[in-house]
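Participant: The structure follows.
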Amino acid sequence: MKQQWQQLEDRYSQITKREKLIIFFSGCGVLIYVFVMLFIEPAWSQYSQQQQELDILKTQIVELEQSSTELKQALRIDINLPLNEQISQLKQRLESVDANLEQISAELVNTEQMTQLLQDMLAQSDRVKLVSLHAMPAVDLMAVNQAAADKHPAMNVSLYQQNLHMVIEGRYQDIYEFLHSVESLPWQFNWQNFQYQVKQYPSAQLSIEIATLSLTEDVLKL
Numbered sequence: 010m011k012q013q014w015q016q017l018e019d020r021y022s023q024i025t026k027r028e029k030l031i032i033f034f035s036g037c038g039v040l041i042y043v044f045v046m047l048f049i050e051p052a053w054s055q056y057s058q059q060q061q062e063l064d065i066l067k068t069q070i071v072e073l074e075q076s077s078t079e080l081k082q083a084l085r086i087d088i089n090l091p092l093n094e095q096i097s098q099l100k101q102r103l104e105s106v107d108a109n110l111e112q113i114s115a116e117l118v119n120t121e122q123m124t125q126l127l128q129d130m131l132a133q134s135d136r137v138k139l140v141s142l143h144a145m146p147a148v149d150l151m152a153v154n155q156a157a158a159d160k161h162p163a164m165n166v167s168l169y170q171q172n173l174h175m176v177i178e179g180r181y182q183d184i185y186e187f188l189h190s191v192e193s194l195p196w197q198f199n200w201q202n203f204q205y206q207v208k209q210y211p212s213a214q215l216s217i218e219i220a221t222l223s224l225t226e227d228v229l230k231l
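Taking the working numbering, the leading residue of the sequence shown gets 10, the next gets one more, and so forth.
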């Protein structure tokens, strides 16, 4: 045995320094590999397995928390929520309709305002003479056939068109200036059925209808 060991020492002493380094590092590599296989690899495998189990547990916890949140939200749901939403939508529609009605009402002319309108019109020019003026029957613009009325009995709002027929006399330029100044008045109305006729030059007559809107059927008393 001693002789074999001596032979190994003799052979080792005969190899070059480079070969000795190769043998040294090869031996270290073998030792490291054995250490890894005996200690590091089992520990790493166990760690990886535990990490996977931990990830699974985290996923299960998140799913349970989501289920808990959904259950709490479901318990808070008001069974009257759909009805309340419908009521809210109807209230919004009603507010919109009221706003539209207010806007329309601002453009309407009632009987008292029509009287003021006529006074303002006649005060626009002293060179135009009023020949005749009479009120025509109000026209219900919302009136429909009886079948439609029976189909919607709750629709009882009416909008009336009040027409006044006026005949004025004067020179063409005076009549033109009169109409132009009337249009600048703060009233909402429409001109209809113009009929201009020269009676005796330069005097002429203009027959015209003034149409206004009102929520009542009251006829203007002239």
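Built from N, CA and C at the ideal position, the CB exists for glycine as well.
Here the structure is a predicted model, which means the values were calculated and not measured.
Excluding sequence positions up to five away, which residues of its chain have a Cβ less than 8 Å from the Cβ of residue 177?
Facilitator: Excluding sequence neighbours, residue 177 sits near 137, 138, 139, 140, 184, 187, 214, 215, 217.
Participant: Return helix, strand or coil for residue 225, following the three-state DSSP convention.
Facilitator: If DSSP states are grouped into helix, strand and coil, residue 225 belongs with coil.
Participant: Using the beta-carbon count (16 or more within 10 Å), is residue 203 buried or exposed?
Facilitator: Exposed.
Participant: Please check the pair residue 174 and residue 145, which I expect to be a contact at CB under 8 Å, by giving their CB distance rounded to whole angstroms.
Facilitator: Contact flag correct, Cβ pair sits at about 6 Å.
Participant: Buried or exposed: which applies to residue 151, given that a residue is buried once 16 or more other Cβ atoms fall within 10 Å of its Cβ?
Facilitator: Residue 151 is exposed by the Cβ-count criterion.
Participant: What does the alpha-carbon distance come out to for the pair residue 60 and residue 67?
Facilitator: Whole-angstrom Cα-Cα distance: 10 Å.
Participant: Apply the 10 Å Cβ neighbour rule to residue 169 and answer buried if 16 or more other Cβ atoms are within range, or exposed otherwise.
Facilitator: Buried: at least 16 other Cβ atoms inside 10 Å.
Participant: Buried or exposed: residue 73, going by 16 or more other Cβ atoms within 10 Å of its Cβ?
Facilitator: Label assigned to residue 73: exposed.
Participant: Quick one: is residue 126 buried, meaning 16 or more other Cβ sit within 10 Å of its Cβ, or exposed?
Facilitator: Counting Cβ neighbours within 10 Å, residue 126 comes out buried, since at least 16 surround it.
Participant: What three-state label does DSSP hand residue 197 in the structure shown?
Facilitator: DSSP places residue 197 in coil when its eight states are reduced to three.
Participant: Locate the beta strand (DSSP E) running through residue 210, then write down its first and last residues.
Facilitator: Note, residue 210: premise wrong, no beta strand (DSSP E); not H, not E.
Participant: Whose C-alpha, out of 210, 198, 193, 130, is nearest the C-alpha of residue 182?
Facilitator: With distances taken between Cα atoms, residue 182 lies closest to 210.
Participant: Suppose you measure from the CA of residue 91 to the CA of residue 54; what does that come to, to the nearest Å?
Facilitator: One C-alpha to the other measures close to 56 Å.
Participant: From residue 225 to residue 143, what does the alpha carbon distance come to, in whole angstroms?
Facilitator: Going from the Cα of residue 225 to the Cα of residue 143 covers about 18 Å.
Participant: When burial is assigned at 16 or more other CB atoms within 10 Å of the CB, is residue 76 buried or exposed?
Facilitator: Per the 10 Å Cβ criterion, exposed.
Participant: If you measure between the beta carbons of residue 206 and residue 220, is that distance less than 8 Å?
Facilitator: No, these two residues do not count as a Cβ contact at 8 Å.
Participant: How would you call residue 57, buried or exposed, if buried means at least 16 neighbouring beta carbons within 10 angstroms?
Facilitator: With fewer than 16 Cβ atoms within 10 Å of its Cβ, residue 57 is classed as exposed.
Participant: Suppose you measure from the CA of residue 122 to the CA of residue 134; what does that come to, to the nearest Å?
Facilitator: Their Cα atoms are separated by approximately 20 Å.
Participant: On the DSSP bridge list, what partners appear for residue 276?
Facilitator: No answer is possible for residue 276: the residues shown for the chain start at 10 and end at 231.
Participant: Helix, strand or coil for residue 108? Go by DSSP, reduced to three states.
Facilitator: Note: residue 108 maps to helix in three-state DSSP.
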